[in-house]
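**Q**
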Amino acid sequence: MNPSNKNRNGFTLMESMMATVVLAMVAAGVALPLSSGANVQMEGARLTMAAKLANDLMAEVAATDFDSISSTFDGLSESSGALTEYDGDLLSGPAYEGFSRSVNCSTATVGKVDMLWVTVSVSHDGEELVALKRLFGP
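Note that this note's numbering numbers the sequence shown so that position 61 is 61, with each residue one more than the last.
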């Protein structure tokens, strides 16, 4: 006696495989934007930290007497793992890994007044993220 196929309950192997394929495609479609969002968030955090590091160093320059700016800061270069605060303390921790910063001073004459263009650049793993420029005068 052959049981009738019409009386069987459940899914066939082919139906189960098709459902698995559809589920995998839906899961991939949901996961891709999430991983992309995580990358965007990480890049935003890097840019925020770079802006903070550049602003902090520019504030140090601004707090320095005009006649000492060039001799103190021109050519300054802090590599990853050697970033310092205004008081000389080392900035350490995972948030600062990969960052480096540098200062470049150049003279500019406005009218008859000699001034300084100061550029503070911050990079992460060799890629420049932020460059702040400010004109200082006596």
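C-beta atoms are modelled at their ideal positions from N, C-alpha and C, and glycine is treated no differently.
When you compare only the Cα positions, how much space is there between D89 and A95?
**A** Translated into positions along the sequence shown, residue 89 becomes position 89. Translated into positions along the sequence shown, residue 95 becomes position 95. C-alpha separation (whole angstroms): 16 Å.
**Q** Under the three-state reduction of DSSP, which class applies to L32: helix, strand or coil?
**A** Taking the sequence shown and counting its residues from 1, the one referred to as residue 32 is at position 32. Three-state result, L32: helix.
**Q** Are the beta-carbon atoms belonging to T119 and A108 less than 7 Å from one another?
**A** For the purposes of this step, residue 119 is taken as residue 119 along the sequence shown, with counting starting at 1. For the purposes of this step, residue 108 is taken as residue 108 along the sequence shown, with counting starting at 1. Result no, Cβ atoms of T119 and A108 do not sit closer than 7 Å.
**Q** Compare the C-alpha of L47 against each of K112, K133, V103, F99 and name the closest.
**A** For the purposes of this step, residue 47 is identified with residue 47 of the sequence shown, where counting begins at 1. Nearest C-alpha to L47: F99.
**Q** Would you kindly check if the distance between the Cβ of V103 and the Cβ of F73 is under 7 Å?
**A** Within the sequence shown, the letter at position 73 stands for residue 73. Within the sequence shown, the letter at position 103 stands for residue 103. Cβ atoms of F73 and V103: closer than 7 Å.
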